[in-house]
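Residue numbers (the UniProt record's numbering): 1 to 157.
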């Protein structure tokens, strides 16, 4: 899998979120509620969508698939001047990320993240940073397709 190390500046995002776990995965429910409302956001920077996860600091070192985390469905915006009712803002702090360019069915995410966390990260010389993890779902993202493409952003230091 192709990857590169990137440092990004802070981003302003807006969208919806749900608490979930890997056992009680509500990702489909989250996106079903966000996609129809996406057009209400008028100051977007691009058509890219962000699937963002907020994990507690010890989430991976004490991994339990029943542990809850917060997942967001978001888009990047220019400012927080207009927030559609029921949506929330999110300030993504800047920092260094390992960015993996994944092509394949999104249903295979568990294997992809397993490789990143169990194989790539321990051998990389980097450590996981306690910042949001996210995926950028651009124009080539096709849910359920083997031809889908997305970027997986893992916070590192």
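Beta carbons are placed, not taken as given, at the ideal position from N, Cα and C, and that holds for glycine.
**Request:** Mind listing, in chain order, the continuous alpha helix (DSSP H) runs of no fewer than 4 residues lying wholly within the UniProt domain "AraC effector-binding" (1-157)?
**Result:** 27-34, 109-115, 121-124
**Prompt:** Alpha carbon to alpha carbon, what distance is there between residue 93 and residue 57?
**Reply:** In the chain shown, counting from the first residue as 1, residue 57 sits at position 57. In the chain shown, counting from the first residue as 1, residue 93 sits at position 93. Going from the Cα of residue 57 to the Cα of residue 93 covers about 16 Å.
**Prompt:** Where residue 43 and residue 50 are concerned, what is the direct C-alpha to C-alpha distance, given to the nearest angstrom?
**Reply:** Reading the chain shown from its first residue, position 43 is the one you call residue 43. Reading the chain shown from its first residue, position 50 is the one you call residue 50. Residue 43 and residue 50: Cα-Cα distance of roughly 15 Å.
**Message:** Measuring alpha carbon to alpha carbon, tell me which residue in 29, 1, 8 is nearest residue 96.
**Reply:** Here residue 96 is taken as the residue at index 96 of the chain shown, counted from 1. Checking every option, the nearest Cα to that of residue 96 belongs to 8.
**Asked** With a cut-off of 8 Å, do at least 3 Cβ pairs link the segment 14-27 to the segment 69-85?
**Response** yes
**Request:** Please check if any C-beta of chain C sits within less than 8 Å of the C-beta of residue 143.
**Result:** The question asks about chain C, but that chain is absent: this structure has only one protein chain.
**Request:** Could you tell me whether the segment 52-70 touches the segment 29-41, where touching means 3 or more Cβ pairs closer than 8 Å?
**Result:** no
**Message:** Using a Cβ-Cβ cutoff of less than 6 Å, which residues in the same chain neighbour residue 140 once the five nearest sequence positions on both sides are dropped?
**Reply:** Counting from one through the chain shown, the residue named residue 140 turns up at place 140. These residues qualify, in order along the chain: 149.
**Item:** Nearest-angstrom Cβ-Cβ length linking residue 12 and residue 91, presumed shorter than 8 Å
**Value:** Here the question's residue 12 lines up with position 12 in the chain shown. Here the question's residue 91 lines up with position 91 in the chain shown. Contact flag correct, Cβ pair sits at about 7 Å.
**Prompt:** Can residue 151 and residue 115 be called in contact, C-beta distance under 8 Å?
**Reply:** In the chain shown, the residue the question calls residue 151 occupies position 151. In the chain shown, the residue the question calls residue 115 occupies position 115. Going by C-beta atoms, residue 151 is not nearer than 8 Å to residue 115.
**Message:** For residue 130, which residues in the same chain have their Cβ closer than 7 Å to its Cβ, ignoring the five residues on either side in sequence?
**Reply:** On the chain shown, position 130 is the one that residue 130 refers to. Excluding positions up to five away in sequence, the list reads 57.
**Prompt:** Taking the alpha-carbon positions, what's the residue 64 to residue 23 distance?
**Reply:** In the chain shown, counting from the first residue as 1, residue 64 sits at position 64. In the chain shown, counting from the first residue as 1, residue 23 sits at position 23. If you take the alpha carbons of residue 64 and residue 23, they lie about 9 Å apart.
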